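Undergrad: Residue numbers (our numbering): 1 to 247. Every residue gets a Cβ at the ideal spot worked out from N, C-alpha and C, and that includes glycine. Being a predicted model, the structure only gives us computed values, none of them experimental. Sharing a structure, written as structure tokens. Questions coming.
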């Protein structure tokens, strides 16, 4: 939805963005399948159902994730129509950067290595979440903007928007992890506490975490000033959904 909304905001349409949007969702699914593995977050529940490795085994979960990653790039390359080839190449490079050693993977590595650390500050925590969580949302929005024909300054505004809502998503996730049940969340509640992970509520408390979430939502929506308000409405709605979700 983020990819499509960004594409429509910058002059494109749903059909132009759909292959990239599907590719992002493939990568998102891959990241969840790998993140749930015993060697990482070791989670048995995802979206209210047993995780992939609990049903098919760890070996198949790894390979299925690998296949989704490969297919995501194949799908962009073969299914994107009516877009100049240089834009498609730029999209492929942008997506690879967002999920590689400068993005999602970097965040996951630092997150794993930080478990049990006595001192983890806000800057360290923000690095983890900007890379592990916000990077893929950034990719989704930026891909849509590029495919829609956005100018470079518009791309960068939307990049900042995406980083804010990506960090917002994680702050809210941290709050929900300690205030909701597993049944309400559709995944295992309290697992960050059990794993001794540093979270925003752990560092600054729940009230300050909620204030930070409100700040991030405002900063995100500020980036949309100057765009057509009607076309920006879906992105504003998505930002508000992330801010006020309860699962």
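#1: List the DSSP bridge partners of residue 38.
#2: What is the C-beta distance between residue 168 and residue 220, in whole angstroms, given that I count them as a contact (C-beta under 8 angstroms)?
#3: Using the C-alpha atoms, what's the distance from residue 125 back to residue 109?
#4: Is it buried or exposed for residue 223, if we count other Cβ within 10 angstroms and need 16 for buried?
#5: Note down, in chain order, each residue of its chain lying with its Cβ closer than 8 angstroms to the Cβ of residue 17, except the 5 sequence neighbours on either side.
#6: Per DSSP, which residues does residue 227 bridge with? Please list them.
#7: Helix, strand or coil for residue 46? Go by DSSP, reduced to three states.
#8: Which of helix, strand or coil does DSSP assign to residue 208?
#9: Got a sec, what are the start and stop residues for the alpha helix (DSSP H) residue 97 sits in?
#10: Going by DSSP, what residue range makes up the alpha helix (DSSP H) through residue 54?
#11: Quick check: the region 28 to 43 against the region 54 to 70, are there 3 or more CB pairs under 8 angstroms?
#12: Which residues in the same chain as residue 205 place their Cβ atom closer than 6 angstroms to its Cβ, once the five residues preceding and following it in sequence are excluded?
#13: For residue 141, is the classification buried or exposed, using 16 other Cβ atoms within 10 angstroms of its Cβ as the cut-off for buried?
#14: Where does residue 154 sit, in a helix, a strand or coil, going by DSSP?
#15: Mapping DSSP to helix, strand and coil, what is residue 109?
#16: Using alpha carbons as the reference points, say which of 150, 127, 214, 91 lies closest to residue 239.
#17: Return the chain-ordered list of same chain residues with a C-beta closer than 7 angstroms to the C-beta of residue 97, the five sequence neighbours on each side being excluded.
#18: Check residue 80 in the structure and name its three-state DSSP category.
#19: According to DSSP, is residue 126 part of a helix, a strand, or is it coil?
#20: Would you mind sorting residue 12 into buried or exposed? The rule is 16 or more other CB atoms within 10 Å of its CB.
#21: Where does residue 133 fall in DSSP's three states?
#22: What is the C-beta distance between residue 23 and residue 72, in whole angstroms, given that I count them as a contact (C-beta under 8 angstroms)?
TA: In short:
#1: By one-based count along the chain shown, residue 38 stands at place 38. DSSP output for residue 38 lists no bridge partner at all.
#2: Taking the first residue of the chain shown as position 1, residue 168 is located at position 168. Taking the first residue of the chain shown as position 1, residue 220 is located at position 220. Their Cβ separation, rounded to whole angstroms, is 7 angstroms, which keeps residue 168 and residue 220 in contact under 8 angstroms.
#3: Translated into the one-based positions of the chain shown, residue 109 becomes position 109. Translated into the one-based positions of the chain shown, residue 125 becomes position 125. Whole-angstrom Cα-Cα distance: 12 angstroms.
#4: Numbered from 1 along the chain shown, position 223 holds the residue referred to as residue 223. Buried, because 16 or more other Cβ atoms sit within 10 Å of the Cβ of residue 223.
#5: Indexing the chain shown from 1 puts residue 17 at position 17. Counting only Cβ-Cβ distances below 8 angstroms, and skipping sequence neighbours, we find 3, 4, 6, 7, 8, 143, 144, 147, 148.
#6: Numbered from its first residue, the chain shown carries residue 227 at position 227. Bridge partners of residue 227 according to DSSP: 225.
#7: One-based indexing of the chain shown puts residue 46 at position 46. If DSSP states are grouped into helix, strand and coil, residue 46 belongs with the strands.
#8: For the purposes of this step, residue 208 is taken as residue 208 along the chain shown, with counting starting at 1. Looking at residue 208 - three-state DSSP - the assignment turns out to be helix.
#9: Here residue 97 refers to the residue found at position 97 when the chain shown is read from its first residue. For residue 97, the uninterrupted alpha helix (DSSP H) segment begins and ends at 85 to 99.
#10: Your numbering for residue 54 matches position 54 in the chain shown. That run of the alpha helix (DSSP H) goes 52 to 56.
#11: The region 28 to 43 is in contact with the region 54 to 70.
#12: Indexing the chain shown from 1 puts residue 205 at position 205. Cβ neighbours of residue 205 beyond the five flanking positions: none.
#13: Counting from 1 along the chain shown, the entry for residue 141 is found at position 141. Residue 141 should be labelled buried.
#14: Within the chain shown, the letter at position 154 stands for residue 154. Three-state result, residue 154: helix.
#15: As a first step, residue 109 is located in the chain shown; it is residue number 109 there, counting from the start. Three-state DSSP puts residue 109 in a helix.
#16: Reading the chain shown from its first residue, position 239 is the one you call residue 239. Nearest of 150, 127, 214, 91 to residue 239, Cα basis: 214.
#17: Counting from 1 along the chain shown, the entry for residue 97 is found at position 97. Same-chain partners within the cutoff: 103.
#18: Your numbering for residue 80 matches position 80 in the chain shown. For residue 80, the secondary structure class from DSSP, reduced to helix, strand or coil, is coil.
#19: If you number the chain shown from 1, residue 126 lands on position 126. In the structure shown, residue 126 sits in a helix (DSSP, three-state: H, G or I).
#20: Looking up residue 12 in the chain shown gives position 12. By the neighbour-count definition (other C-beta atoms within 10 Å, threshold 16), residue 12 is a buried residue.
#21: Start at 1 with the first residue of the chain shown, and residue 133 comes out as number 133. In the structure shown, the three-state DSSP call for residue 133 is helix.
#22: Position 23 of the chain shown, counting from 1, holds the residue named residue 23. Position 72 of the chain shown, counting from 1, holds the residue named residue 72. Between the beta-carbon of residue 23 and that of residue 72 there is about 4 angstroms, and that keeps the pair under the 8 angstroms contact cut.
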